[in-house]
Each structure stands twice: as structure tokens, then as C-alpha cells.
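**Student:** Counting with mature numbering (1 follows the signal peptide of the UniProt record, and there is no 0), you get residues -22 to -1, 1 to 534 for the letters of the sequence shown.
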Amino acid sequence: MLASWPITVWTAVALVLVHSWAQNGTDAAATPDLATTTGTRVVKRATDQSSSITPSLTPGKSQSIYGATCAYVDTTKRFYSFGGWVTETGNRNYNVFSGSYSLDLSRTFSTSSPPFTDHGVLDGDMNGGLMQAVSLVLPNGHILIAGGRIFNSTEGTASIVNDNMYEFDPANNAVSKLSPKITDMKTTFPLRHSLMASSAVRGFNSAYIASGNSQSDRNIDVDVLYNVTASGIAVVSLSSSTKPAPREFTSLGRFNATHLVLSGGSGKAGYQNDVWMLDEGKRAWTRHPYTLLNKIDQHRMFGWQDKYVIRIGGYTVDDKYSFIEYWDASTNAATKGTVVNPGSGPLSMSEGCAVLLNDTVVYMGGRQSFDNQGHSQGVAAPPVSLLKIESAPSGGLQFRWLDSFTPPADPSTGTGSSGGGDKPKDESGSVESAGLGIGPIIGIAVGCVVAVAAVGLLLYTRRKRQQQQQQQPPQQQQQGGIIESKPEVFSASVVSDRPISLAVSTPGIQTAPGTPITSQQHLADDVLFLPPVTQPASRPTSPQPVTRQQTNLYLG
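(1) In three-state DSSP terms, what is Gly291?
(2) Taking its Cβ as the centre, do 16 or more other Cβ atoms sit within 10 Å of Val213, making it buried, or is it exposed?
(3) Would you report the Cα separation of Asn350 and Cys331, rounded to the nearest angstrom?
(4) Around the C-beta of Ile198, are 16 or more other C-beta atoms found within 10 angstroms, so that it is buried, or is it exposed?
(5) Alpha carbon to alpha carbon, how far is Asp252 from Leu122?
(6) Pick helix, strand or coil for Ser241, following the three-state DSSP scheme.
(7) Tell me the start and end of each unbroken beta strand (DSSP E) in the segment 72 to 114 that is at least 3 residues and wholly inside, in chain order.
(8) List the endpoints of the continuous beta strand (DSSP E) containing Ala46.
(9) Check this for me: beta carbons of residue 557 and Gln376, under 9 Å apart or not?
(10) Give the single residue among Leu335, Pro324, Gln346 and Thr316 whose Cα lies nearest to the Cα of Ser369.
(11) Quick check: the Cα distance between Ala46 and Ser308, rounded to an integer number of angstroms?
(12) Pop quiz: Ser137 and Phe146 are said to be a contact at Cβ under 8 Å. What is the actual Cβ separation, rounded to whole angstroms?
(13) I'd like to confirm the pairing. Which residues does DSSP put opposite Arg378 in its beta bridges?
(14) Between Val51 and Pro148, is the Cβ-Cβ spacing less than 9 Å?
(15) Which residues mark the beginning and the end of the beta strand (DSSP E) in which Ala185 is found?
(16) Would you mind sorting Gln276 into buried or exposed? The rule is 16 or more other CB atoms within 10 Å of its CB.
(17) What runs of the beta strand (DSSP E), each 3 residues or longer, lie entirely inside the segment 191 to 235?
(18) Output the boundary residues of the beta strand (DSSP E) element that contains Glu258.
(19) Can you check which of these residues, Thr165, Ser172, Asp195 and Asp141, is closest to Ser157 by C-alpha distance?
(20) Quick check on the DSSP output: the beta strand (DSSP E) that includes Tyr299 runs from which residue to which?
(21) Leaving out the 5 sequence neighbours to the left and right, which residues in its chain are closer than 7 Å to Met104 when beta-carbon positions are compared?
(22) For Val64, which residues of its own chain have a beta-carbon under 6 Å away from its beta-carbon, when the five flanking residues on both sides are left out?
(23) In the DSSP assignment, find the beta strand (DSSP E) that holds Ala124 and state where it starts and stops.
(24) State the DSSP-derived secondary structure class of Gly281, mapped to helix, strand or coil.
(25) Might you give, ordered along the chain, the residues of its own chain that have their beta carbon closer than 7 Å to the beta carbon of residue 568, omitting 5 neighbours on each side?
(26) Quick check on DSSP: helix, strand or coil for Ser322?
(27) Taking only the alpha-carbon atoms, compute the straight-line gap between Gly190 and Leu230 and give it to the nearest angstrom.
(28) On the criterion of 16 or more Cβ atoms from any shown chain inside 10 Å, does Lys39 qualify as buried, or is it exposed?
(29) Tell me whether the beta-carbon of Ala124 lies closer than 9 Å to the beta-carbon of Val206.
(30) Which one of Thr313, Gln283, Asp101 and Met163 has the shortest CA to CA distance from Ile290?
(31) With distances taken Cα to Cα, identify the nearest neighbour of Thr264 among Ala223, Leu100 and Ser91.
(32) Comparing alpha-carbon positions, which option in Ser177, Pro371, Asn150 and Lys246 lies nearest Leu335?
(33) Among Glu258, Thr220, Trp254 and Met143, which residue has its Cα nearest to the Cα of Ala235?
(34) Pick out whichever of Thr67, Tyr204, Arg196 and Gly344 has its Cα sitting closest to the Cα of Val112.
(35) Using the C-alpha atoms, what's the distance from Arg196 back to Phe227?
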């Protein structure tokens, strides 16, 4: 059934797999070692956080965070990050991070000095930091944060389930703590549950948490499913017994307004490479025919040009590691991605936050693997990495690291074209000129075709009318008297600066081929964006939020 779905749906799926994923730090001295063995390969989960808590980023230092909870808000054009572990780039000794910050994507910047803004501590009552939660961007632009784990300041101490929900208001930099709406948070709610395949964006009324590790018995993984909304967290009762096997650190993200996609994961049963789709309305899982090239966890995924599914990073037990892979829905083929300038960026990357803006993946933080083959946690990745998606000369896709970001001239396009994008760099660091992308070229070509067709239709219509008038009987012409020749008025087509689409819709927005996309559907330039379906239920009464002063970092 899934195989017969349109390609447009496929790519949206593309990334549905998109949502944020999380990291895997060790959970406890009293807990079994998190090293996972499959075959002869062992993936070691490091316990390298120190005994101190870091509340904010340090101005002037190149610091990177992994295991955070992130969201992109289109109204502010900022990429927000909450909690996680923090250290300086290239280091592997992390502190618990209790703060929050954002990256300004409305301005041009270099990856060597990203414009971060500090937003203060998420929860002053929390003795530690929040890791690997899920987020939801509400219709009002607020960010809802739920689930995840809390690590305190003592190294080796077990993490505990976060039983609070938070609402962050970007307009006044305030956080409200909401009362949880589920009674089993401290008993049966899973640890190391699903991670978001890509960062949350506005346009949805709910998020999901799937599977994870049992609190009561760390040797058991569970297959529970929770729905997260502005009203709280609720258990989902499935209508079918068919479902993914229990696992940890699987990637779960939006496919469209009605479906979600789950892929990969690890845990007691080993690493996985299967892909599943969840039908929200039917509350049923279906196994997808596509499988990942690697058995992998904590990866990011996106859809592009309504044709491709792109996976970036993750940890694996496989000998052959694909840092990037993409699946072509038109050929049903999975291909290992090629980075044309590999020396200009990380060779591996996992546990960071990622959002797709037009044809550029903005990847914030994360960790590299120690051998760059995805086999173990290594040093910190750069604070911000920019990966451009391009059409390869020989067909398919290729990827390029960028050293600077330029806001798209028209951020509402989201077509994956390179027009108005960033400046790529070659291995020597020189800047190349960005050519005209395939989207604008198609737009120009289609515009010319439409113009020629319109002129041809005009001439044909005029000639046809003249022939009809000449063929009228004489009596009709006499009865009508003198027929005045009125100039024909032709309504000109509105000139648009958007490329005309030929049976192609914006990634993540499900429309029929050629259907115009309204402006409000472009509120976020992410493949996961869809217009809100309904307004969320009213939220619990919150304490008066505390407004905090923002601090601009890396601005000089």
C-alpha cells in the first residue's frame, strides 16, 4: 500500500523522519553498561560529563552542545536549543548544560562566529540539565518542551525522567512550567525514548514519543506510544498489534498532517534499520519497504524536492558507514551521499539539532565519532555546520559544506533551488559563485512555454472569430445592423517572482500536482511544515513567567 503512494508523499516522508533525536549518555553506575554489542562491533556510550553545571554559553568561546531539544520558529527566524551537554569544539569532556540559546537565521554570518543569543536557565529548580526531550511549536509561536531525561551534577549518577512540561515564549524570553497531564511519568514513562528526526517547526498540534527503556528494569525496552499536545501527554492505544519492536534512540518525525515516520534505533535487541509509518487517525503502524543503508540510531532525516529522503549522521555497528545517504523515490534506490569538499566540515556527526531551510541543512552542535565511522562518541562537532544539497552532474545528489550562511531572498520558496542561497567553499576555502539553481531554471523555462502558448492561443482565437464572422449568412448581418468591432481585452497573467512548478509541490506540503501554495503555508521553511489543522486545546494555568535579559554572543 505504501509503495503505491505518490512520490510527493514519499519525499515528505522524507523527512518526516524528521524531528530531533537524542543522545545517549550513560545512565547509571547501578545500571547495565550502555555498550551495545551486535556481532563483533561494540558501540560505547561515554560517561564524560563533569561534576559541574554550565548555565550559559561563554562569549568568545567556540562551544558546542549535543543532546539538546530544539525548535525553529518562523516568526523570529531563530533556531532555539534547550539543555544538553556542552563543551568547547574539539573537546570530549562535557558539562551538563542547564541553559537555553538561539541562533539568528535572519542575518548573514560565518560558521566561525555564529550569532547566538543566550536565553537563560530553562528551570532554576532543576538540579541539572534536560536532555533529549521533544518539542512542539504552537500556533502562537511558543515552544512546548516535554519528556526527556534530567542529569544532575554528579558524574555517573542515573538520569531520571523529566515529569514537567515547559512553555517558552520567544517574544519576551520567558519560560512557564506546566503541570504534567499524565500520572505514570515517574513510574512507567520510558528513558531514552524516541528522538526527533529533525527540529520542531510551526504547523502541527502534536508531537509523539515512542518506545524507550523501562525505568523499572533497565534490561527491558518498551514499545509504548505517547501523544504530546498543549494539553499534556496522553497514552495512545493502538488499533492493531502490528508495530515496531521496542528500541531506544529511534528517530521519529512528521510525514504529513496525518502520518509520522519512525526509523532505526538501538537497544537490547541491537541496532535497527527498518522504517515504519504511523497513521494518526487509525492509530496503526505499517512497515515501510525502504530500509536504511546502516543499522543506526540518533540520526537526522529530511525530505527534499518531493523526491528524496536524506539521512545525516548517527551511530552504527556496521563496518561500512554512510555518513549521508539518500533514497530516490522515483527509482526506489538508496545511495551513499558524496560530500564534494569533505575536508571543509566534519566527517561524521550525530546528536545535534538540525533544520532544513530551502537547500541548506543548518546543523547545530552534535558530536563526531572517534573514528569518523559512527562507531563511538568522539569530540564535539562545530557549534554550527552548514550542509548544502545540490544536484550532482551525473545525476542524483551531492553535498557541499558551507562556511557562511545568507538568509534566502525569499525564504517562503522552500523549493530546494540554490537561488538566494549560501556561498559554498572548495577544499582550499575559496568561495565559489552560486549558479542558478534547478528551481529557477525550471521556472524560467516554464514561464517561456506559458508565454508562447498564450500568444499562440490569442492568435488562434482571433483568427477563429474572424472565420466565424465571415461564414455568417447575409440576413444575419443585415438584421444585426452595423456590427461594431470592439477591441478584445485580454487579462494579463500576474507576474510572479516564484518559479512556476510543474507537478512539483513544496517539500512537506501535500498538494495535488500543480496546485498553488498559499502564502500562509510558507510560515516555516522546513519540510515538516504544514498549516495548522485545528486550534489546540487550552493549556493548563501556568505560573507567571519570569522575563530574562537576552545576551548576544559571538557578535564581535
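The beta-carbon is built from N, C-alpha and C at its ideal position, and this holds for glycine as well.
**Tutor:** Judging by the given coordinates:
(1) coil
(2) exposed
(3) 19 Å
(4) exposed
(5) 29 Å
(6) strand
(7) 72 to 75, 77 to 82, 94 to 99 and 107 to 109
(8) No beta strand (DSSP E) contains Ala46, which DSSP labels as neither H nor E.
(9) The shown model of the chain, from -22 to 534, leaves out residue 557, and the question about it has no answer.
(10) Thr316
(11) 35 Å
(12) No, Ser137 and Phe146 are not in contact; Cβ-Cβ is about 22 Å, not under 8 Å.
(13) Lys366
(14) yes
(15) Ala185 to Asn191
(16) buried
(17) 199 to 207, 210 to 213 and 229 to 232
(18) First-last for Glu258: undefined, no H or E at that position.
(19) Asp141
(20) Premise fails: Tyr299 is in no beta strand (DSSP E) and is neither H nor E.
(21) Ser76 and Ile128
(22) Thr32, Gln41, Ile43, Asn73 and Phe75
(23) Ile121 to Ala124
(24) strand
(25) No answer is possible for residue 568: it lies beyond the span of the chain, which begins at -22 and ends at 534.
(26) helix
(27) 12 Å
(28) exposed
(29) yes
(30) Thr313
(31) Ala223
(32) Ser177
(33) Glu258
(34) Tyr204
(35) 14 Å
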